[in-house]
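Here's the structure we're looking at; comments come further down.
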Amino acid sequence: MTTVPPLDLAEIAASVGLPDEHARTAAAERQGRLTKPAGALGRLEDLSVWLAGVQGSCPPRPLTDARLVIFAGDHGVASAGVSAFPAEVTAQMVVNFLAGGAAANVLARQVGAQVRVADLAVAVDVPAAPAEVTRWKVRQGSGRIDVEDALTFAEAEQAFRAGMAIADLEVDSGADVLLTGDMGIANTTPSSVLVAALTRSDAVAVMGRGTGLDDAGWMRKCAVIRDALVRARPHTGEPLELLASSGGADLAAMTGFLVQAGVRRTPVILDGIVSAACALLAAQIAYRCTHWFLAGSRSTEPAQRIALDRLALEPVLDYGLRLGEGTGALLALPILRAAGATLAEMATFDEAGVAGKADPVAAPTLVDADETT
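Okay, so the sequence shown: first residue is 185 according to the numbering used here, each after it adds one.
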């Protein structure tokens, strides 16, 4: 029997490089020569420079092969009443994704992205799910994190490796941009715990209403996060141990996916709170990872704002989304494409024969009155 060596996170982190600074500089310089006032396209200009850097190309290439990966898993804290929906919805939604009927599928068709689903810890076997969905499964459900660990350390490591392997598969088969999605009833609770633990925030600061909790549900969720934080804080210096104690297999896999995207020099558009929590963990493992991340959408979850502030990422959109699934990342994709296209396809002042910014008009010379006589 072959023994798998333990993950060397330091070695993995050393493999994450930075985007191409020469391409970024060239993109910023080209922006200054396009037929428009400097800064007139606002954030589109910043996005085009970012895209040039992560592609290592100025002008940037069109994004033609976007892949959304939805990481699915159940969480034991659902039994504590922290979600407005029952736990069985996770498996039902996986079926819906596979049938093409979810919001993520609709938006993906609109923006030309492929959708993958990975079952890491759905609590039941999903009927008729293909092997490409179930091959990554670590366990059925994750532990209730306010009273027990979500995973064993070995399971956390297994899930992390699965996420790395999924990223490799997507990049090796041609993906030029990756998008993160999630599906798991109660997954905002462990995500909030991870953010609170890593940013030294208290339970109330990270609390959101998830899928639409009433006040009683909000108070139950707050108590669960408070108790889970007590268990999480001793592990904040060890990412895999933190994922084992307070995350889940789906979150561990997404974290591995994000780190490996950095290793593979592939841009990622993040979605909501789950993506932000995993991005925070990925940054703890390899700080250079954040340069490969774009925050797609600001969700209604306070923990996401805290995480993105820590990561210094400004969301592309703020539409009040709280669905997850990758919907916010999908909506940001056409804006990123538009940013790249403007940099690549707009004419410069010289090419278009358009006069550039006018030189300041020289002030008239004042003549002493005595000199005119």
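Every residue gets a Cβ at the ideal spot worked out from N, C-alpha and C, and that includes glycine.
On a predicted model such as this, the values are computed, not experimentally measured, just so you know.
Item, Value
"Bounding residues of the beta strand (DSSP E) (the contiguous stretch that carries Gly257)", "Ala250 to Gly257"
"Test item: CB-CB of Pro486 and Gly392 under 8 angstroms", "yes"
"C-alpha distance - Leu465 paired with Glu213, whole-angstrom precision", "34 angstroms"
"Coil, strand or helix - Asp333 by DSSP", "coil"
"When Ser481, Arg449, Asp204 and Val443 are compared against Ala463, the one with the closest alpha-carbon", "Val443"
"For Thr364: DSSP bridge partner residues", "Val253"
"Own chain residues within Cβ distance below 7 angstroms of Arg245, not counting five before or after", "Gln239"
"Stretch-stretch touch, CB-based, cutoff 8 angstroms, three pairs: the region 304-323 with the region 522-532", "no"
"Strand pairing of Ala516, partner residues [DSSP]", "BP columns for Ala516 are empty, so no partner."
"7 angstroms Cβ shell around Ala445 - same chain, five flanking residues per side excluded", "Ala351, Leu362, Val452 and Trp476"
"At least three beta-carbon pairs within less than 8 angstroms, the region 353-367 to the region 271-289", "yes"
"Whole-angstrom distance between Val379 and Leu527, CA atom to CA atom", "36 angstroms"
"The region 412-421 in contact with the region 327-335 per 3-pair CB rule at 8 angstroms", "yes"
"Buried or exposed by the 16-neighbour rule on C-beta atoms within 10 Å, applied to Ala461", "buried"
"Contact under 8 angstroms by Cβ, Gly347 with Ala207", "no"
"Closest by C-alpha distance to Ala236, when choosing among Glu535, Arg521 and Gly537", "Arg521"
"Counted within 10 angstroms of its Cβ, other Cβ atoms place Val188 as buried (16 or more) or exposed", "exposed"
"For Asp309: DSSP bridge partner residues", "Answer is none; Asp309 lacks a bridge partner."
"Beta carbon of Leu507 nearer than 8 angstroms to that of Ala292", "no"
"Cβ of Ala210 within 8 angstroms of any chain B Cβ", "Among the protein chains of the structure shown there is no chain B, as only one such chain exists."
"Span of the beta strand (DSSP E) around Ala479", "Phe477 to Ala479"
"Endpoints, the beta strand (DSSP E) within which Asp493 is located", "Asp493 -> not in any beta strand (DSSP E); alpha helix (DSSP H) instead, spanning Pro486 to Leu495."
"Bridge partner(s) assigned by DSSP for Ile453", "Leu363 and Leu478"
"Bounding residues of the alpha helix (DSSP H) (the contiguous stretch that carries Gly446)", "Ala433 to Val447"
"Cβ pair Asp558, Thr511 closer than 8 angstroms", "For the chain, the structure presents residues 185 to 557; residue 558 sits outside this window and is missing."
"Proximity of Thr274 and Ala256 at Cβ, strictly below 8 angstroms", "yes"
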